[in-house]
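Student: Here it is, the structure in full.
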Amino acid sequence: MIVLKLLLGKTAAARSGPLDALAAIKRLVLAVGIVASLAGPLASCSAAPLKPPLTFVQNIQLPRDTTTPSIDLLALDPRSGRLYVPHGSNSALDIVDVKSDRWLGSVPQLPGIKGVAVTADPDLVFTSNSGGTVSVVDARTLTVVKTIRVGGSPDAIDYDPVHDSVVVSLGSARAVAFIDRTTYTELGRVTLPGKPELMAVDRQAGRVFLGIHDQDEVVVIDGGSLAVTLTYHGCDIKAPTGLAYDPAQGRLFVAGTKQLNILDIVVGRCLGVVDLASGTDQIVFNEHTQHVYTANAASRNVSIVDSPTMKPLGIVGTGRDAGTIATDPTTDRVYVAVALAGIIAVYHDP
907 MIVLKLLLGK
917 TAAARSGPLD
927 ALAAIKRLVL
937 AVGIVASLAG
947 PLASCSAAPL
957 KPPLTFVQNI
967 QLPRDTTTPS
977 IDLLALDPRS
987 GRLYVPHGSN
997 SALDIVDVKS
1007 DRWLGSVPQL
1017 PGIKGVAVTA
1027 DPDLVFTSNS
1037 GGTVSVVDAR
1047 TLTVVKTIRV
1057 GGSPDAIDYD
1067 PVHDSVVVSL
1077 GSARAVAFID
1087 RTTYTELGRV
1097 TLPGKPELMA
1107 VDRQAGRVFL
1117 GIHDQDEVVV
1127 IDGGSLAVTL
1137 TYHGCDIKAP
1147 TGLAYDPAQG
1157 RLFVAGTKQL
1167 NILDIVVGRC
1177 LGVVDLASGT
1187 DQIVFNEHTQ
1197 HVYTANAASR
1207 NVSIVDSPTM
1217 KPLGIVGTGR
1227 DAGTIATDPT
1237 TDRVYVAVAL
1247 AGIIAVYHDP
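Dropping the structure here:
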């Protein structure tokens, strides 16, 4: 529109006389030059492609389901390059080789399998099973080495390297149990103020951060004394689910009802809240990219949040029942379980 008006002005001036016409032409040339100089940066900005927060790589097919598909909490071990997939609908632990992006095999007879704890031994993992047991699995031979009865509907499970113990939440017992990694015996348990959800472990200090879903809080448990030492309220923690921990920044990320709460545990204050989609379950943190990834099953997408700036970087669509997630800091890949399709969707950051 600006160029059109200038051209019309030139035509009118040309009819008034040679000098006026010449002056008008000079003004036109100058104006066109200015418009061109302004248009250049605008054109280059609009032509620049938007970078997606994650780039889709491929899908990895898991063994077919015999009933309604159900996949729970993923765990990845960069040392062995194994992704552990609790395939509850098949009562099995599926193992995926992330180096070749293929399914390696499954460990059967793990009814109600919920989660996997990767330990100091890269070939031995512990699984939580809803029937009240924790199983010790040899990932090389795809066999169950030991079954430990703990009761209380085991759910989230993780490993504390400082105290060399496996930590498992017991939903119906409203407690958390600690198991010695080498003797397979229970060291003790901690009674909780409510129903436990997911957890994150401070692998430098031996602390366990555990969401208490029905109390809108997070408790901190010392892995040595087996006692609750702190309770985090506030921020906007509501019905907490997934947790992730950034040891370099001393930041704890807590996914709640459509929001990601960011806490500074060094000074004990809320740093901010980032809006999420709905149905967030498992979340993970990549110490290399400094990004938090949240699996939002109800919204069928993954949210990506930058830890240093606490800003959302965008979302990526996944599929139905995609509520569990893992990341590999050595390759910056992200793995999302799309349960209904029976696949692991693989992405790269970015």
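According to my numbering, the sequence shown holds residues 907 to 1256 in order.
Ideal Cβ placement from N, Cα and C applies to all residues, glycine included.
Could you name each continuous beta strand (DSSP E) segment of 3 residues or more that falls completely within the stretch 950-1022, going from the start of the chain to the end?
Tutor: 961-967, 981-983, 988-993, 998-1003 and 1008-1013
Student: Identify every run of the beta strand (DSSP E) within the stretch 1054-1103, keeping only runs that are complete inside it and at least 3 residues long; order them along the chain.
Tutor: 1060-1066, 1071-1076, 1081-1086 and 1092-1097
Student: Can you tell me which residues form a DSSP beta bridge with Ile1168?
Tutor: Phe1159 and Gly1178
Student: So, helix, strand or coil for Ala1243, using DSSP?
Tutor: strand
Student: Would DSSP call Gln1188 helix, strand or coil?
Tutor: DSSP places Gln1188 in strand when its eight states are reduced to three.
Student: Please check the pair Ala1023 and Ile1063, which I expect to be a contact at CB under 8 angstroms, by giving their CB distance rounded to whole angstroms.
Tutor: 5 angstroms
Student: Which whole-angstrom value is the C-beta distance of Leu1158 and Ala1106, which I expect to be below 8 angstroms?
Tutor: So it is a contact: roughly 7 angstroms between Cβ atoms.
Student: Expressed to the nearest angstrom, what Euclidean distance is found between the alpha-carbon atoms of His1259 and Glu1103?
Tutor: Residue 1259 falls outside the range modelled here, since the chain spans only 907 to 1256, and no answer is possible.
Student: When the Cα atoms are used, what is the spatial distance from Pro969 to Gly1229?
Tutor: 19 angstroms
Student: Would you mind reading off the limits of the beta strand (DSSP E) that contains Pro1218?
Tutor: Counting along the chain, the beta strand (DSSP E) containing Pro1218 begins and ends at Lys1217 to Gly1223.
Student: Within 10 Å of its beta-carbon, does Ala1133 have 16 or more other beta-carbons around it, so buried, or fewer, so exposed?
Tutor: Classification for Ala1133: exposed.
Student: Counting Cβ pairs closer than 8 angstroms, one from the stretch 1181-1189 and one from the stretch 1113-1131, do we hit at least three?
Tutor: With a cut-off of 8 angstroms, the stretch 1113-1131 and the stretch 1181-1189 do not count as touching, because too few Cβ pairs lie within range.
Student: Can you give me the Cβ contacts of Gly1077 inside the same chain, cut-off strictly under 8 angstroms, excluding the 5 residues immediately before and after it?
Tutor: Once the five neighbours on either side are set aside, the close Cβ partners of Gly1077 are Gly1058, Ser1059, Pro1060, Asp1061, Lys1101 and Pro1102.
Student: How would you label Ala1161, buried or exposed, when you count the other beta carbons within 10 angstroms and need 16 or more for buried?
Tutor: The residue in question, Ala1161, is buried, as its Cβ has 16 or more Cβ neighbours within 10 Å.
Student: Ignore the nearest five residues each way along the sequence and tell me which others in Gly1037's own chain have a CB closer than 6 angstroms to its CB.
Tutor: Pro1017 and Gly1018
Student: If I'm right that Ile1231 touches Tyr1241 with Cβ under 8 angstroms, what's the distance once you round it to whole angstroms?
Tutor: Sure, about 7 angstroms apart at Cβ, within 8 angstroms.
Student: Closest to Asp1128 by C-alpha separation, out of Asp1029, Ala1247 and Ser1071, would be which residue?
Tutor: Ser1071
Student: Once the 5 residues before and after Asp1187 are set aside, which same chain residues still bring their CB inside 7 angstroms of it?
Tutor: Thr1147, Gly1148, Ala1201, Ala1203, Gly1229 and Thr1230
Student: Would you list the one or two residues that DSSP bridges to Ser1209?
Tutor: Thr1200 and Ile1221
Student: Could you give the residue range of the beta strand (DSSP E) that holds Asp1123?
Tutor: Here residue 1123 is Glu; the residue named in the question, Asp, does not match the sequence. Unbroken beta strand (DSSP E) run through Glu1123: Glu1123 to Asp1128.
Student: Nearest by alpha-carbon distance to Arg1113: which of Thr1163, Ile1171 and Val1056 is it?
Tutor: Ile1171
Student: Just tell me which of Val1002, Pro1014 and Val1073 has its CA closest to the CA of Thr1025.
Tutor: Cα-wise, what sits closest to Thr1025 is Val1073.
Student: Compute the distance between the beta-carbons of Ile966 and Val1002, then report whether it is under 9 angstroms.
Tutor: The Cβ atoms of Ile966 and Val1002 sit closer than 9 angstroms to each other.
Student: Return the Cβ separation of Lys1005 and Gly994 in integer angstroms, given the expectation that the two are a contact with Cβ distance under 8 angstroms.
Tutor: Incorrect: roughly 26 angstroms between the Cβ atoms, too far for contact.
Student: Could you check whether Ala998 and Val1031 sit closer than 9 angstroms to each other, using their CB atoms as the reference points?
Tutor: No, they are not a contact pair.
Student: Count the other CB atoms within 10 Å of the CB of Ala1251; is the residue buried (16 or more) or exposed (fewer)?
Tutor: buried
Student: Please report the distance separating the alpha-carbon of Val1040 from that of His1069.
Tutor: Their backbone Cα atoms lie some 18 angstroms apart in a straight line.
Student: To the nearest angstrom, how far is the alpha carbon of Asp1212 from that of Arg1206?
Tutor: 20 angstroms
Student: On the DSSP bridge list, what partners appear for Arg1113?
Tutor: DSSP, once it has assigned bridges, lists Asp1108 and Asp1128 as partnering Arg1113.
Student: According to DSSP, simplified to helix, strand and coil, what is Arg933?
Tutor: Bear in mind that the predicted position of Arg933 carries a pLDDT of just 39, short of 50, making it unreliable; the figure below should be weighed with that in mind. Looking at Arg933 - three-state DSSP - the assignment turns out to be helix.
Student: Helix, strand or coil, according to DSSP, for Asp1120 in the structure here?
Tutor: DSSP places Asp1120 in helix when its eight states are reduced to three.
Student: Considering only residues of the same chain and omitting the five flanking positions on each side of Ile1054, which have a CB-CB separation below 6 angstroms?
Tutor: These residues qualify, in order along the chain: Val1040 and Tyr1090.
Student: Is it buried or exposed, Leu960, if we count other Cβ atoms within 10 angstroms and call 16 or more buried?
Tutor: buried
Student: Between the C-alpha atoms of Pro975 and Val1244, what's the straight-line distance to the nearest angstrom?
Tutor: 9 angstroms
Student: Using a Cβ-Cβ cut-off of 7 angstroms (strictly less than) and excluding sequence neighbours within five positions of Met1216, which residues of its own chain qualify?
Tutor: Ile1168, Leu1177, Gly1178 and Val1180
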